[in-house]
Amino acid sequence: MMHQTASVQNSLSKAETPAHEQEECIHETPLTIAFGRKVFSVHNHVGHLDPWPFYESEEPISPADPGPATNEELDYFMKCRGIEKTLIIPNYGIPVQAQPFSHNELVVKLCRQGGGNVAGALWVSGLPQNSERTQVALALMDEPGISALKMSYLLGGTADPRKWDEATTKLHETIFQAAIERDIPIHFHTSPGGGSDITGFFELIKRWGKEMKIHLVHMGGGVSGHIRLLSQWKDLIEGGYRIYIDTSWAIGFAVRKLLQEVDRTGIGADRIMFGCDEPWSDYESEFWKIQDARISDEIKERIFWGNAQEMYFNKLA
0 MMHQTASVQN
10 SLSKAETPAH
20 EQEECIHETP
30 LTIAFGRKVF
40 SVHNHVGHLD
50 PWPFYESEEP
60 ISPADPGPAT
70 NEELDYFMKC
80 RGIEKTLIIP
90 NYGIPVQAQP
100 FSHNELVVKL
110 CRQGGGNVAG
120 ALWVSGLPQN
130 SERTQVALAL
140 MDEPGISALK
150 MSYLLGGTAD
160 PRKWDEATTK
170 LHETIFQAAI
180 ERDIPIHFHT
190 SPGGGSDITG
200 FFELIKRWGK
210 EMKIHLVHMG
220 GGVSGHIRLL
230 SQWKDLIEGG
240 YRIYIDTSWA
250 IGFAVRKLLQ
260 EVDRTGIGAD
270 RIMFGCDEPW
280 SDYESEFWKI
290 QDARISDEIK
300 ERIFWGNAQE
310 MYFNKLA
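Below, the structure is given as structure tokens:
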């Protein structure tokens, strides 16, 4: 792994990069690990997240660094990691419903300033208490660069439509119809247990997955989610369901198993994308999951950028 020298780090002029961002990036010792590869990330958070007294913490803490909040910060973040294009998503993680919605305008702004290299996902929610906020978000869908909607059940609710009441079902249908009309995906967080468990998503896929593009972030999330998703991958793809995944936060066995199977059969080769999930994960480990995989370079190219280009960036100016 090759670290940039001080001369390379300083090659970006102060006119291009804010002083505080130069200092921060140099402090983290940015890496040039793309080694000539074209890399697009379909999962990158933007915006500040206030500290919160998580779990047993006596004082509010910030477990992750802030996401980029200006065009200059985002551009420098991408240059440090060799990312040519990225899909940006509101930063979230504290139990405050309004918080991720507050970054939707930032997503729109950064897409406008991104020079055709930045696509955005707007935060929406199927919880009736967020109906008004979601309507405001949906009104931004036709802004330049908006290429997805983002949903997570970490802040409440469940992905299992069998457990929705009438108001929740109606709001989800409104969100889904807006995505279907524009042929853009819903970017769903998945993780084992709770409302984000992959088992609930299987029912959602069964009902809407032939009409709507469904991006399952983190490959189902955790050992149980990975195994369940892998067991149904072939049947879902061949059954005509429009499911897509990224490999961020996925455990090694699952990534190896899926990529080797896809390399052997070709089934779903167009459905897997690279995501770094910064600042919650780290680009370096996410990169090497794919770069070091024992699969064809053709499949790697599809994962690192080709599939993302078709999914999120084809319509960018």
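For what it's worth, numbering that gives the first Met the number 0 labels the leading residue of the sequence shown as 0, then goes sequentially.
The beta-carbon is built from N, C-alpha and C at its ideal position, and this holds for glycine as well.
Run of the beta strand (DSSP E) containing residue i, from where it starts to where it stops
{"i": "F39", "result": "39-45"}
{"i": "T85", "result": "84-89"}
{"i": "G119", "result": "117-122"}
Counted within 10 angstroms of its Cβ, other Cβ atoms place residue i as buried (16 or more) or exposed
{"i": "E300", "result": "exposed"}
{"i": "W287", "result": "exposed"}
{"i": "S40", "result": "buried"}
{"i": "N313", "result": "exposed"}
{"i": "K212", "result": "buried"}
{"i": "D281", "result": "exposed"}
{"i": "I60", "result": "exposed"}
{"i": "A97", "result": "exposed"}
{"i": "A166", "result": "exposed"}
{"i": "K149", "result": "buried"}
{"i": "D234", "result": "exposed"}
{"i": "P62", "result": "exposed"}
{"i": "E20", "result": "Only weak support exists for where E20 lies, its pLDDT of 45 falling under 50; the value from the coordinates is given anyway. It counts as buried."}
{"i": "S124", "result": "buried"}
{"i": "G199", "result": "buried"}
For residue i: DSSP bridge partner residues
{"i": "W51", "result": "I60"}
{"i": "I310", "result": "In the sequence as displayed, the identity of residue 310 is Met instead of Ile. None; M310 has no bridge partner."}
{"i": "I242", "result": "I213"}
{"i": "I271", "result": "I244"}
{"i": "E172", "result": "Beta-bridge pairing links E172 to no other residue."}
{"i": "E104", "result": "Partner(s): none; E104 has no beta bridge."}
{"i": "E277", "result": "N43"}
Minimum C-alpha distance to residue i - residue among the options
{"i": "E309", "options": "V135, I183, D234", "result": "I183"}
{"i": "G305", "options": "G274, A292, S280, T198", "result": "G274"}
{"i": "K162", "options": "I179, D141, A138, S195", "result": "S195"}
{"i": "D49", "options": "M211, P99, L258", "result": "P99"}
{"i": "H44", "options": "N90, A68, G81, L73", "result": "N90"}
{"i": "D245", "options": "I60, E237, S223, A268", "result": "A268"}
{"i": "Q290", "options": "P278, Y311, E172, R255", "result": "R255"}
{"i": "L139", "options": "H47, H102, E72, G115", "result": "H102"}
{"i": "Q176", "options": "R206, E83, T198, G192", "result": "R206"}
{"i": "F252", "options": "E237, L229, I266", "result": "L229"}
{"i": "K108", "options": "G125, N129, G81, P67", "result": "P67"}
{"i": "I298", "options": "G265, Y75, W279, L121", "result": "G265"}
{"i": "H47", "options": "L170, I174, I294, E72", "result": "E72"}
Residue i, enclosing alpha helix (DSSP H) - first and last residue
{"i": "H186", "result": "H186 -> not in any alpha helix (DSSP H); beta strand (DSSP E) instead, spanning 185-188."}
{"i": "M150", "result": "Where M150 is concerned, there is no enclosing alpha helix (DSSP H), although the beta strand (DSSP E) it sits in stretches over 145-150."}
{"i": "R36", "result": "Neither: R36 is in no alpha helix (DSSP H) and is coded neither H nor E."}
{"i": "R206", "result": "197-207"}
{"i": "S295", "result": "That residue, S295, is in no alpha helix (DSSP H); it is neither H nor E in DSSP."}
{"i": "R80", "result": "70-80"}
Other residues of its chain near residue i: CB distance less than 7 Å, five sequence neighbours each side excluded
{"i": "E58", "result": "P52"}
{"i": "M77", "result": "T85"}
{"i": "L121", "result": "N103, V106, A136, L139, M140, I145, L148, K149"}
8 Å Cβ shell around residue i - same chain, five flanking residues per side excluded
{"i": "I271", "result": "Y243, I244, D245, T246, L257, L258, V261, R301, I302, N306"}
{"i": "C110", "result": "I87, V117, A118, G119, E142, P143, G144, I145"}
{"i": "S190", "result": "L153, D196, H217, G220, G221, G224"}
{"i": "T168", "result": "P160"}
Close-in-space but distant-in-sequence residues of the same chain around residue i (CB under 6 Å, 5 per side omitted)
{"i": "A292", "result": "L258"}
{"i": "L203", "result": "A158, P160"}
{"i": "R132", "result": "F100"}
{"i": "Y152", "result": "A158, G194, S195"}
{"i": "H214", "result": "P184, H186, Y243"}
{"i": "E285", "result": "S247, C275"}
{"i": "I93", "result": "W51"}
Residue i beta carbon near the ligand NAD (any heavy atom closer than 7 Å)
{"i": "K299", "result": "The ligand NAD is not part of this structure, which contains no ligands at all."}
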